[in-house]
Amino acid sequence: MNLEDEKDADLGRFEPGDDFDARLQAALAPARLSVGLEQRLLGQIAAHPGLLATPVIRLDQYRWRPLIAGIAATLLLCTIPRPDSLQYSSDALFSQRETAEIARTVALLNWEPPLAPAIEDAARSVERIRERLSGDTPSENYRFVHDDWDLPPAADAHPGGSSLGPALRNTDA
Amino acid sequence: MTPGRPLSVEQRALLERLVREAAPRVHAYVRRAFPRVDPDEALAETFFRAAQAAPGLERSPDPVLYLLRTARTVCLRSLQRPATAEIAGDPPAREEAVPSADLEEMLRAVAELPDAQREVVVLRISVGLSFEQVAEMLGIPLGTALSRMHAAQRRLRELLGVKR
Chain A
2 MNLEDEKDAD LGRFEPGDDF DARLQAALAP ARLSVGLEQR LLGQIAAHPG
52 LLATPVIRLD QYRWRPLIAG IAATLLLCTI PRPDSLQYSS DALFSQRETA
102 EIARTVALLN WEPPLAPAIE DAARSVERIR ERLSGDTPSE NYRFVHDDWD
152 LPPAADAHPG GSSLGPALRN TDA
Chain B
193 MTPGRPLSVE QRALLERLVR EAAPRVHAYV RRAFPRVDPD EALAETFFRA
243 AQAAPGLERS PDPVLYLLRT ARTVCLRSLQ RPATAEIAGD PPAREEAVPS
293 ADLEEMLRAV AELPDAQREV VVLRISVGLS FEQVAEMLGI PLGTALSRMH
343 AAQRRLRELL GVKR
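So this is what it looks like as structure tokens:
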């Protein structure tokens, strides 16, 4: 393929003109996305609605708010014995639809160790929300999550408060 | 970044279809045209932005081109930030098929092309855009896209010692 060929006829799909073009096309052929990356993208999309607008979980300091919010929401659901009651609460943290989306999102996500600091921050926020809503002690599920990721107990971690403090204070107002 | 509006069922379906059908091409574009950018992060950022601007994506006559433009903006902004920026940096280790020596040599030659030429080559061959689309996306005249492609092919042949 040369420039004149292109001008004359083929301005559409690339067609190799010789072996060199064919090798170039083979070298540059797009590969399939890894399963992990595809799931991450789908998880972002699944987490997008509602969660971003939810006032409680505003993780503005993180680039992957939908993902982290999904994790935080899951921790919240693990922590409160009756998550269905959330939609009837005056706090109205998540609707039934959002809860279903959260569950779907988390099912898609790979919880990988590099996310641990963000999960830890989310976990502390969720713990504070949980205390505000129910006053219950952490459930077995919550402890399991902590043990699984080797996270410090929320009450002991960062006595100065979570970096999510302003967001939480806003919701208390 | 302001929170996005909830996605409609149609918008979500469009995004999910684009993940499955167009994301590999966007990934290939980022990976080959912007070698200093982490393609996984850039792709995730691209789809995040696309979800935030879902009405614009939905109205776009060519959603793939819309995604490619978004990815380009993400990459260019990333490269303008300091080296510790979120997206630019050492590419992460990844599991993938090891290209043959021949293809490896070709990829090295592509990486040596001037940025403007390499981008046209990648958009044309890897992404599969027409020259009109390449020109539209890069905001350059059609003749410029054609001449960059021609120059790139000539340079690649020189680098690899191939005669026409």
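Note that the protein sequences, when read in sequence, are chains A and B. Adding 1 to a residue's 1-based position in the first sequence gives its number in the working numbering. Adding 192 to a residue's 1-based position in the second sequence gives its number in the working numbering. C-beta atoms are modelled at their ideal positions from N, C-alpha and C, and glycine is treated no differently. Just so it is clear, the structure is predicted and the values come from calculations on it, not from any experiment.
- Kindly indicate which residue of B:220, B:266, B:222 has the alpha-carbon position closest to the one of residue 357 of chain B. Within the shown structure, residues of chain B are numbered from 193 to 356, placing residue 357 of chain B beyond reach of any answer.
Selection from B:254, B:219, B:250 that minimises the alpha carbon distance to residue 199 of chain B: The count along the second sequence starts at 1 and reaches residue 199 of chain B at position 7. Here the closest residue by C-alpha is B:250.
Exercise. Assign residue 229 of chain B to one of three DSSP states: helix, strand, or coil.
Key: Reading the second sequence from its first residue, position 37 is the one you call residue 229 of chain B. Three-state result, residue 229 of chain B: strand.
Task: Span separating the alpha-carbon of residue 258 of chain B from that of residue 341 of chain B - done: To locate residue 258 of chain B, count along the second sequence from 1; it is residue 66. To locate residue 341 of chain B, count along the second sequence from 1; it is residue 149. So the two alpha carbons sit approximately 22 Å from each other.
| request: For the alpha helix (DSSP H) containing residue 295 of chain B, list its first residue and its last residue. | output: In the second sequence, residue 295 of chain B corresponds to position 103, counting from 1. Element bounds for residue 295 of chain B: 293 to 304.
Closer than 8 Å, Cβ to Cβ, to anything on chain B: give me those residues from the region 31 to 42 of chain A, in chain order. 31, 32, 33, 34, 35, 38, 39, 41, 42
Look at the Cβ atom of residue 236 of chain B, then the Cβ atom of residue 24 of chain A, and state whether they are nearer than 9 Å.
Mapped onto the second sequence, residue 236 of chain B falls at position 44. Mapped onto the first sequence, residue 24 of chain A falls at position 23. The answer is no: Cβ separation not under 9 Å.
Residue 263 of chain B to residue 346 of chain B span [Cα, whole Å]
As a position in the second sequence, residue 263 of chain B is number 71, starting the count at 1. As a position in the second sequence, residue 346 of chain B is number 154, starting the count at 1. In a straight line, the C-alpha of residue 263 of chain B is about 28 Å away from that of residue 346 of chain B.
- Message: Taking the alpha carbon of residue 246 of chain B as the reference point, which residue from B:268, B:212, B:203, B:231 has its own alpha carbon closest?
- Response: The sequence position of residue 246 of chain B within the second sequence is 54, counting from 1. Relative to residue 246 of chain B, the option among B:268, B:212, B:203, B:231 whose CA is nearest is B:203.
Return helix, strand or coil for residue 16 of chain A, following the three-state DSSP convention.
For this step, residue 16 of chain A is matched to residue 15 along the first sequence. Residue 16 of chain A falls in the coil class under three-state DSSP.
Exercise. Say whether chain A places a C-beta atom closer than 9 Å to the C-beta of residue 302 of chain B.
Key: The residue you call residue 302 of chain B lines up with position 110 of the second sequence. Residue 302 of chain B counts as touching chain A.
| request: Keeping to the same chain, check which residues put their C-beta closer than 8 Å to that of residue 336 of chain B; ignore five residues upstream and five downstream. | output: On the second sequence, position 144 is the one that residue 336 of chain B refers to. Cβ within range, chain order: 327.
- prompt: If you compare alpha carbons, which of B:232, B:294, B:343, B:296 is closest to residue 313 of chain B?
  reply: Taking the second sequence and counting its residues from 1, the one referred to as residue 313 of chain B is at position 121. Minimum Cα distance to residue 313 of chain B is reached at B:343.
| query | Between the region 222 to 229 of chain B and the region 301 to 320 of chain B, do three or more beta carbon pairs fall short of 8 Å? | reply | Three or more pairs of CB atoms, one per stretch, sit closer than 8 Å, so the region 222 to 229 of chain B contacts the region 301 to 320 of chain B.
| query | What residue from B:304, B:333, B:331, B:330 has the CA that sits closest to residue 228 of chain B's CA? | reply | What you label residue 228 of chain B is simply residue 36 of the second sequence in a count that begins at 1. Residue 228 of chain B has its Cα closest to that of B:304, out of B:304, B:333, B:331, B:330.
Handout entry: Three-state class that DSSP yields for residue 272 of chain B in the structure shown
Key = The residue you call residue 272 of chain B lines up with position 80 of the second sequence. Three-state DSSP puts residue 272 of chain B in a helix.
Worksheet item: Where are the alpha helix (DSSP H) runs, 4 residues long or more, that stay fully inside the region 200 to 263 of chain B, in chain order?
Response: 201 to 213, 215 to 225, 231 to 244, 246 to 251
Residue 218 of chain B versus residue 353 of chain B: straight-line alpha-carbon distance, rounded: One-based indexing of the second sequence puts residue 218 of chain B at position 26. One-based indexing of the second sequence puts residue 353 of chain B at position 161. Straight-line Cα distance between these residues: approximately 30 Å.
Name the two residues that bound the continuous alpha helix (DSSP H) containing residue 313 of chain B. For the purposes of this step, residue 313 of chain B is taken as residue 121 along the second sequence, with counting starting at 1. Residues 307 to 313.
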